[in-house]
Structure formats: C-alpha cells, structure tokens
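Anchor point for the sequence shown: position 27 equals 27 in my numbering, and the numbering is continuous, going up by one each time. Think of the CB as a built atom: it goes at the ideal place given N, C-alpha and C, for glycine as much as any other residue. Input: a single structure, listed below in structure tokens.
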Amino acid sequence: MIDAGKCLPLYNEIEGRFPEWIGADAHNALMGCMKCQLNCPANQEAVRLTGKLEDVTEEETEKILKGAPNKKLLDSLSRKLREFYPTQSKDAFPILTRNLRALLKPKTDLP
Ligand code: SF4
C-alpha cells in the first residue's frame, strides 16, 4: 500500500520547501516520480510508449539553476518539456529551479 502523503510528486509539483524527511537522494526527476510505476508489471505497455524528449542544453540548465528565466528560455523549455506548466509560467518557474537544484545537489557543490 502506497502512502500518498509520502509520495514525492505531492511535494515536487507544487511550490514550497521540501519536508525534512525527504532525503537528498530521493529526488530522481525534474518533476514527479515514476520509480514505482516503471517497475509495475501492469504498466509495462505504457513504459514501452515513453520516449526521450529533446535535450535541455547546458546553458539552459545554468539559467534554470539561476532561477531567472527570460521568454526565450521559457519558450524553449515549453517546447522541449512538452509545454509542462512550470515552463509556461514565469511565476511557477521557481518549482523547476528548486527541483533541479535538489536533483543536482548530491552530485555537485551547489549550496
Ligand atoms: S516511487 Fe515515487 S511515485 Fe512511487 S510512491 Fe514512491 S515517491 Fe511516489
């Protein structure tokens, strides 16, 4: 039984600070989490239908980390990430920045 209150997407798809109990190594996606769903036998057909999105460049990655998007970056990310809502909204962009920093933090010297 999954405790939905402990499910990562409940926290990484909205603004705010992550609860203390979410470990630094728990973050595994820019948005959401598919770890249990990817391993579920009932989802194997859906897993085969997934594809690779266009790469986000190193320059764009640095701009996301800085948290200061411009129209060009928002347009590019909206296309590359299939118009996922944070990239469409400058106001929601901090979610993307927070999540990327959380993803990279264990592997880098980000503060
Ligand atoms: S693996 Fe990810 S999606 Fe599945 S229950 Fe855990 S946090 Fe939620």
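Ligand 1 heavy atom lying under 7 Å from the CB of residue i
| i | result |
| --- | --- |
| Pro41 | no |
| Gln44 | no |
| Ile2 | yes |
| Leu30 | no |
| Leu103 | no |
| Lys80 | no |
| Pro9 | yes |
| Lys72 | no |
| Lys35 | yes |
Supposed close pair residue i, residue j - CB separation, criterion 8 Å
| i | j | result |
| --- | --- | --- |
| Lys63 | Leu73 | 5 Å |
| Glu60 | Ser78 | That belief does not hold up - the Cβ atoms of Glu60 and Ser78 are roughly 12 Å apart, past 8 Å. |
| Leu100 | Leu53 | Actually they are not in contact, since the Cβ atoms of Leu100 and Leu53 sit about 15 Å apart, beyond 8 Å. |
| Ala24 | Leu8 | About 13 Å; that fails the 8 Å criterion. |
For residue i, the first and last residue of its enclosing alpha helix (DSSP H)
| i | result |
| --- | --- |
| Ala46 | Gln44 to Arg48 |
| Leu10 | Pro9 to Asn12 |
| Ile64 | Glu58 to Lys66 |
| Cys36 | Lys35 to Asn39 |
| Arg101 | Phe93 to Leu104 |
| Arg79 | Lys71 to Lys80 |
Outcome for residue i when other beta-carbon atoms lying within 10 angstroms are tallied against a minimum of 16
| i | result |
| --- | --- |
| Ile14 | exposed |
| Leu10 | exposed |
| Pro19 | exposed |
| Pro69 | buried |
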